[in-house]
Each structure stands twice: as structure tokens, then as C-alpha cells.
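Asks: In our numbering, the protein residues as written are 27 to 444.
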């Protein structure tokens with residue numbers, strides 16, 4: 027093999043090894059590219075053989091052309107597949123008509139322009155393969171946690187480098203609002219999706235997805251990893267609060283206790299990773315009433331009425347338990363509803379007895395705007411009495427409406443009962 031052959035093949039092999047391309051794939055790419063080179067010069071590669079060897083410390087590429095020896099005055103002579111006897115005898119006196127004549131083709135014979143094109147094609151093929159391998163790798167990792175390094179902190183996203191120095195992206199919308207990463211910081215996130223932009227894979231990470239919390243449980247809690255405890259459902263308001271329903275397949279294991287650990291020792295690392303997101307771990311059950319009761323903890327529920335047709339649950343509590351059930355800004359009741367898959371309406375315990383004397387808030391849609399009614403209903407104020415029986419301060423705190431709006435609604439409701 028000529029020095030030029032060796033230099034070209036070795037430079038490609040080194041480039042491919044840097045990109046972690048395996049030997050069989052390197053050989054396949056080299057052969058494809060050089061066969062293309064042969065076709066450009068000779069119009070066919072049928073009677074050519076490309077031999078590639080990668081051995082320790084050296085790389086070999088040989089191109090052999092095979093032609094049949096014919097008489098000097100042969101009719102329909104084809105120089106691509108035939109060689110005249112006189113030309114063959116210049117190489118060896120032993121050749122005869124009808125024999126096969128093999129000759130090695132040097133890289134230089136293709137000309138500088140074609141060789142340069144081949145070099146560029148080799149590099150491009152490896153880069154395309156690298157993109158394809160990256161796409162396939164992360165397509166299989168969707169839903170799994172990866173750890174990378176914060177490389178660039180941009181306004182709209184963070185560029186994260188993986189262990190192979192490939193760029194992954196953590197958009198602002200997929201970051202916990204308390205996240206404060208600096209360049210060089212380790213970043214843990216779940217692979218959310220893999221997009222293709224103009225043939226280039228774009229790996230999107232997420233720290234706000236419920237899957238991220240689910241996988242943290244799997245990574246940090248041995249019983250979940252071993253399949254003894256299953257995470258049945260996760261709902262989150264990232265950075266604020268989350269509810270996780272877990273179920274044990276072993277009667278000897280308390281799923282909540284196993285996940286939380288002694289004095290919160292097991293769940294502490296998860297809470298820290300999520301920037302002190304409060305996590306309620308709940309024992310899953312098929313009994314919907316019991317499931318709702320556990321989901322609304324720490325509030326103590328007196329009665330539950332489930333309307334399966336409308337996918338709603340009416341929950342009755344004592345007055346001092348309502349604020350606990352609803353939570354700050356309605357957070358607890360929202361998460362509980364998403365966890366159990368029902369819309370949960372909260373009522374005072376004595377409201378069940380007063381329902382005949384009460385009026386549903388939607389009956390006032392001719393006097394009160396629909397968005398205002400919905401604002402009240404979203405935090406448990408479904409009836410006129412549920413509002414009138416609450417203090418003005420409690421209503422303002424829970425609905426986050428303007429004082430004038432709250433006063434306007436209270437005035438309309440009072441007039442109705444007067």
C-alpha cells in the first residue's frame with residue numbers, strides 16, 4: 027500500500043475512533059466511499075475489490091482491479107474489463123490469452139480532486155453516523171435519568187454536556203423555578219424527548235416532569251428499584267409540592283415508611299435534588315373513598331360522596347379542616363384531585379344537612395361573571411353558603427381575587443338570602 031493510502035486510511039481511522047465508531051462500521055464506510063470513488067473514475071466497480079485491514083498499530087487499504095487478457099486484435103475490446111496481451115506481457119512474460127490480470131490501483135491514480143472529495147465524504151459519513159447513533163441512544167433513554175454538566179447558561183435554556191461531551195438541552199420551562207445552575211455544575215434530569223432538527227438530534231431534558239420524580243424514587247429507594255414497591259402515580263407542582271402514590275407487593279413492607287425512611291432519611295436526598303419540594307407519599311388503594319382521604323391528608327374528612335358519572339367527589343369536613351384540605355392557594359386539593367383522577371369539591375360538614383337551603387354558585391351566572399364563579403369553585407366555594415359562612419379574609423386568601431370583586435360577590439349572595 028502506498029504512503030498516501032496509509033495516511034488517508036489512518037487519518038480516517040483515528041477520526042472514527044475518536045467518535046467511538048466500531049471497526050466493522052469503519053470498514054463498511056471506507057469500502058462504500060472507495061467504491062463510489064471507483065465508479066466515478068471507471069463507471070463501474072464490478073471488477074474491483076477493496077481490501078481493508080485494521081490491525082494493531084497499522085491500517086491497510088488495497089484496491090485491486092481484475093481484467094481478462096485478450097488478443098491484441100480482439101474485436102469489441104472493452105478497456106474496463108479487458109487488457110491486451112501486449113500490455114499484460116509488459117508486467118510478466120508468463121501471461122497468456124484468457125487469463126485473469128490483477129493490478130493494484132494507487133490512490134494517486136484517482137487524482138487529487140477525487141481523493142479530496144473522498145476524504146470529505148468519509149468525515150461526513152462518520153458525522154452522520156454519529157448523529158444517528160446519538161439519536162438511537164437517547165431515543166432508548168427517554169424517561170430515564172441522566173447526569174450531565176452545565177456548559178452554557180442561556181436565557182431560554184441550559185446547554186448540558188453528557189459523558190461523551192455531546193450537547194443536551196434543558197429548556198427554561200423544564201427547569202424547577204428554584205434551579206440556579208452555574209457553569210460546571212452537575213445537572214440531573216430525565217430525558218423528556220428527542221427531536222430531529224435538519225437531521226441533527228436535539229435531546230430535551232426535564233426536571234419538572236412527573237417521570238423525573240418517579241425515577242428518583244427508583245434510583246434512591248432500593249425496594250422501588252427491586253420491584254417490591256411500585257410507584258403508581260405522581261403529580262407535581264414543581265419546586266412546591268408533589269404527591270406520590272405507592273403500593274407494596276409484599277405485605278411485610280410498609281410502602282410509605284420504606285420510601286420516607288427513618289426520620290425522612292431516604293426521601294431527604296430526593297427533596298434536596300428538587301430544591302426542597304414537599305413530597306407527600308401516599309399508600310395507594312383501589313378503594314376510592316380511602317384513596318381520596320389519604321390524598322387530602324393532613325385534613326380529616328367526615329364524609330365523601332362520589333359521583334362517578336360526572337367524575338366529581340364531594341368531601342365534607344369540619345370547619346377547621348377545610349383550609350388544611352384546600353392548602354395554600356388551593357394546592358393540596360388540586361394535587362389530590364389530579365392524583366385520584368376526580369374533581370374534588372370541599373364542603374363544611376353541616377352543609378350536607380343544609381343543601382336544600384343552599385344555592386349552587388353557578389345559579390348566579392346572570393349576575394356574576396363566569397371566570398369569577400370558576401375562581402371560587404376552584405378553591406372549594408361551590409355554593410352561596412360556603413362563601414357566606416367563610417370570613418372575608420379567608421376568601422381573599424384562598425381565591426386571590428381583588429377585594430372589590432369579593433365584596434361584590436358577597437353582596438349579591440347576601441341579597442339573595444335576605
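Glycine included, every Cβ here is placed at the ideal spot set by N, Cα and C.
The model shown is predicted, which means the values in this text are computed figures rather than measured ones.
If the criterion is Cβ atoms closer than 8 Å, does the pair residue 345 and residue 405 meet it?
Replies: In this structure, residue 405 does not lie closer than 8 Å to residue 345 by Cβ.
Asks: Classify residue 225 as buried or exposed, calling it buried when 16 or more other Cβ atoms lie within 10 Å of its own Cβ.
Replies: Looking at its Cβ environment, which holds fewer than 16 other Cβ atoms inside 10 Å, residue 225 is exposed.
Asks: Nearest by alpha-carbon distance to residue 472: which of 60, 59, 78 is it?
Replies: Residue 472 lies beyond the range of the chain shown here (27 to 444); nothing can be said about it.
Asks: Determine the burial state of residue 115: buried for a count of at least 16 other Cβ atoms within 10 Å of its Cβ, exposed for fewer.
Replies: Residue 115 is exposed by the Cβ-count criterion.
Asks: For a quick check, are the C-beta atoms of residue 310 and residue 220 less than 8 Å apart?
Replies: No, Cβ-Cβ distance for residue 310 and residue 220 is not below 8 Å.
Asks: Suppose only complete runs of 3+ residues qualify. What are the beta strand (DSSP E) ranges in the region 259-292, listed by chain order?
Replies: Those beta strand (DSSP E) runs which fall completely within the region 259-292 and span 3+ residues are 267-274.
Asks: How far does the alpha helix (DSSP H) with residue 186 in it reach, from first residue to last?
Replies: That residue, residue 186, is in no alpha helix (DSSP H); its beta strand (DSSP E) goes 183-187.
Asks: With DSSP as the reference, identify every bridge partner of residue 342, one or two as the case may be.
Replies: Paired residues: 329, 373.
Asks: Just to confirm, are residue 329 and residue 317 a CB contact at a threshold of 8 Å?
Replies: No. Outside cutoff.
Asks: For residue 148, which residues of its own chain have a beta-carbon under 6 Å away from its beta-carbon, when the five flanking residues on both sides are left out?
Replies: Here the set comprises 38, 59.
Asks: May I ask you to report which of helix, strand or coil DSSP gives residue 250?
Replies: Looking at residue 250 - three-state DSSP - the assignment turns out to be helix.
Asks: DSSP state of residue 167, grouped into three classes?
Replies: In the structure shown, residue 167 sits in coil (DSSP, three-state: anything other than H, G, I, E or B).
Asks: Indicate the three-state DSSP secondary structure (helix, strand or coil) for residue 236 in the structure shown.
Replies: Note: residue 236 maps to helix in three-state DSSP.
Asks: Can you pull the DSSP bridge partners for residue 88?
Replies: Looking at the DSSP assignment, residue 88 forms a beta bridge with 77.
Asks: In whole angstroms, what separates the C-alpha of residue 95 from that of residue 73?
Replies: So the alpha carbons of these two residues sit roughly 14 Å apart.
Asks: Can you tell me which of the three DSSP states residue 357 falls into?
Replies: DSSP places residue 357 in helix when its eight states are reduced to three.
Asks: Is there a Cβ of chain D sitting closer than 8 Å to that of residue 437, yes or no?
Replies: Within the model displayed, chain D is absent; a lone protein chain is all it includes.
Asks: What number of angstroms, rounded off, separates the C-alpha of residue 360 from the C-alpha of residue 182?
Replies: Those two C-alpha atoms are separated by around 28 Å.
Asks: Starting from the C-beta of residue 131, find all residues in its chain whose C-beta is less than 6 Å away, skip the five residues before and the five after it, and write them out in chain order.
Replies: Result list for residue 131: 89, 91, in chain order.
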